[in-house]
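2 protein chains.
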Amino acid sequence: MVVGGRLTLALDAMGGDHAPSAVVRGANLALRRHPDTEFLFFGREGDLRPLIDRMRKLRGVSQIVHTESVVAADEKPSVALRSGRKSSMRLAIDAVRDGQANAVVSGGNTGALMAMAKFALRTLPGVDRPAISSFFPTLRGETVMLDLGANVVCDARNLVQFAVMGNCFCRSVLGIPDPTYALLNVGSEDMKGGETLQEAAAILRNLALPGSFVGFVEGDDIAKGTVDVVVTDGFTGNVALKTAEGTATLYSEFLQRTFRSSLLAGLGYLLARPAMHKLRKRVDPRRYNGAVFLGLNGIAVKSHGGTDALGFAHAIGVAVDLARHGFLDAMRKDLEGVADVLSNPQVQAAAV
Amino acid sequence: MVVGGRLTLALDAMGGDHAPSAVVRGANLALRRHPDTEFLFFGREGDLRPLIDRMRKLRGVSQIVHTESVVAADEKPSVALRSGRKSSMRLAIDAVRDGQANAVVSGGNTGALMAMAKFALRTLPGVDRPAISSFFPTLRGETVMLDLGANVVCDARNLVQFAVMGNCFCRSVLGIPDPTYALLNVGSEDMKGGETLQEAAAILRNLALPGSFVGFVEGDDIAKGTVDVVVTDGFTGNVALKTAEGTATLYSEFLQRTFRSSLLAGLGYLLARPAMHKLRKRVDPRRYNGAVFLGLNGIAVKSHGGTDALGFAHAIGVAVDLARHGFLDAMRKDLEGVADVLSNPQVQAAAV
């Protein structure tokens, strides 16, 4: 299902290392790809007005909602929740809650964004805890992974709900009608891993989700693209995400040193440059920017705090895709479909 | 301290995908770099004799201990422990226990090797559970990480012991007198992570190990080489190790596709080939082969099952380094030094 008509995006214009400039220029880039969108910028009007006024097309589809208050990057989520009620982040989320916007995008403090989004938007019926999800480049294309850090400790029931949400996300946004999904573990044999994983696997084997549950996968299966959806707790997911990022950076640094190591190698680089440019584009983290908070009663996308306009435009693109594909309705339906199983006393017991 | 004289290595000649050929040829390669070594090959004499006889120098320093029994790659550790008493793996371990060899190297079933080594060699005083440790290539050189998969669930006390062992391993083998060490977490702020990590950090802050404890590091700090020793539980460590391997493979595959994508890129590759060859050597997993089982009363090194002769030679090199540097004595001393702290009732309580 594709939702037509104009979409309105609420943007936290003050979140991220390069805000508000990266946010405004990101919106301008996103507008080219998604012409049917309008933007509500939340932040300091004095900073925003001159930036937006420079871009004619953007100006025509933008409104500024002025606020002085900004959530600091290192602010504790609980403090932000209490004292940030007038912050650009919170007002942008409230715009989604109040039906003024179809989705919110912020590059600010992740913990604060999650706490505020949970409080203001609430979780969908059947979801105990929202999860952070994103795409990973793989040998086969792209893989959805969750949770990437919202929930450090998870029980079997949390993991099962993540699987339901990741499955729906993959179908809606990647358009894969029958995704394969699995739990991340230290071995693919059925007996591997702790009790929580065993219990989650037992529940998932009996849950009739679209696609197929293939049991357990290991860390190297993420980049191989062995399955479409990798489900894990927020601690493991966060470590895996950052380990992958660190390894990619290391490899790319080694490669640069290699090309600089001799005259011939440098010449070789010049010849291969157009192709290398394509490679760099393919593994460019900005292209995978935009982590989705799944399980909320509204669409909230987190942009990487350190990204630039191009990265922010990609995060906006993720929000647009979710809104266009009627993702929330699909998710509500999926959650209803498994509500019986998840409210089963046995499943409840397994979750303890 | 460096131990002189001849060393004897016990080799499980039947362990690994390319055994026994990779084991024999690996020993032959290792002999060139470590001429003062002798080998005890455990396995089928009929297979081993012709392979060894082909290599004049190796033949002069090798003995074969014949056995028909081999631990299967997919055998359950408990089954291997019970029914593999005459297996090449077990007899090689027993040679270390009985003082006939200074170290054992095997490319066989990891779980079985750990179970047998724990049973036959026992753990060192002060160690509740041994851990698997290995080196990672980083931007700064090499980093030691543990546990890589021996203990799926760990308490604070386990993590503290891993830190003590990793610290000693790093000093002995990398020769860094005052290593930096940290716990792997989802953020570097003091309040991050679950209770177990908080408790382990509290104990480590009060433990006077050589070098300095820097608190928490994140997944990307592994490849950055932020610290010399990264301490984590076996589940997280195993996922991180395999995620890093998977990402490196993905990157390398993308790079190959890039060079094959156009005539110019292919020509560029030809020019850069000598430099690329150095890069490939630098990130070659065979150069990092040889995971050490730390905390045992004897030196046991696990070679990757899929490696070749060069990889196996590296695993032998790790065992030789440990034996030469008097690693076990250093470890005993370190463990004695922290015994008081670790037997403190408060630490015991924190470990629950």
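From first to last, the protein sequence lines are chains A and B.
The first sequence begins at 5 in my numbering and counts up by one.
The second sequence begins at 5 in my numbering and counts up by one.
Even for Gly, the Cβ is constructed at its ideal location relative to N, Cα and C.
Given the structure is predicted, the values throughout are model-derived calculations rather than measurements.
- Among the bridge pairs identified by DSSP, G47(A) is matched with H70(A).
- Here the region 99-116 of chain B lies against the region 299-312 of chain B, with 3 or more beta-carbon pairs under 8 Å apart.
- Beta-bridge annotation (DSSP): Y185(B) is paired with F217(B), V233(B).
- Judged by DSSP in its simplified three-state form, V109(A) adopts strand.
- Short of 7 Å from the beta carbon of F316(A), and not among the five residues preceding or following it, lie these beta carbons of its own chain, in chain order: A26, V27, G30, G111, S307.
- Between the beta-carbon of K196(A) and that of F220(A) there is about 6 Å, and that keeps the pair under the 8 Å contact cut.
- Under the three-state reduction of DSSP output, T12(A) falls in the strand class.
- Close to K246(A), with beta-carbon spacing below 7 Å, are these residues of chain B in chain order: E222, G223, D224.
- Shown here, A77(A) sits in coil according to DSSP, grouped into three states, outside any helix or strand.
- Fully contained in the region 19-48 of chain A are the following beta strand (DSSP E) runs of length 3 or more, in chain order: 41-47.
- For L150(B), the uninterrupted beta strand (DSSP E) run begins and ends at 146-150, by DSSP.
- Contact annotation: L300(B) and L128(B) have beta-carbon atoms nearer than 8 Å.
- R10(A) and Q104(A) have their C-alpha atoms roughly 12 Å apart.
- Distance from the CA of L314(A) to the CA of C172(A), rounded to the nearest whole angstrom, comes to 27 Å.
- Counted as a single uninterrupted DSSP element, the beta strand (DSSP E) harbouring P141(B) occupies residues 135-141.
- In this chain, the beta strand (DSSP E) harbouring L298(B) covers 295-298.
- In this structure, T200(A) lies away from D225(A), with their beta-carbon atoms at least 8 Å apart.
- Contact check between the region 148-158 of chain A and the region 130-137 of chain A: three or more CB pairs, one atom from each, fall below 8 Å, which counts as touching.
- Here the alpha carbon of N210(B) sits roughly 30 Å from the alpha carbon of S82(A).
- With respect to the C-alpha of A244(A), the residue from V190(B), E340(B), D78(B) having the closest C-alpha is V190(B).
- Annotation for K337(A): the continuous alpha helix (DSSP H) segment containing it runs 331-347.
- Between A327(B) and N162(B), the gap from beta carbon to beta carbon reaches 8 Å or more.
- Taken atom to atom, the span from the alpha-carbon of I68(A) to that of G321(A) is near 20 Å.
- Nearest CB-CB separation between K282(B) and chain A: below the 8 Å threshold.
- According to DSSP, A317(B) shares a beta bridge with no other residue.
- Between the alpha carbons of E72(B) and T230(B) lies a gap of roughly 47 Å.
- Taking all protein chains in view, the Cβ of L33(B) is crowded by 16 or more other Cβ atoms within 10 Å, so the residue is classified as buried.
- For R291(B), no chain A residue has a C-beta closer than 9 Å to its own C-beta; the minimum C-beta separation is roughly 13 Å.
- Using a Cβ-Cβ cut-off of 8 Å, A252(B) counts as an interface residue toward chain A, since at least one Cβ of chain A sits closer than that to its own.
- A distance below 8 Å separates the beta carbons of L188(A) and T236(A).
- Residues of chain A with a Cβ closer than 9 Å to the Cβ of F258(B) are, in chain order, P141, L143, L283, R286, V287.
- The DSSP-derived three-state label of V305(A) is strand.
- With a threshold of 16 other beta carbon atoms within 10 Å, A84(A) meets it and is buried.
- If you ignore the 5 residues before and after V168(B), its C-beta comes within less than 7 Å of the C-beta of L213, D338, L339, V342, all in its own chain and listed in chain order.
- Here Y255(B) is near V287(A), since their CB atoms are less than 8 Å apart.
- The C-alpha of D333(B) lies about 10 Å from the C-alpha of S176(B).
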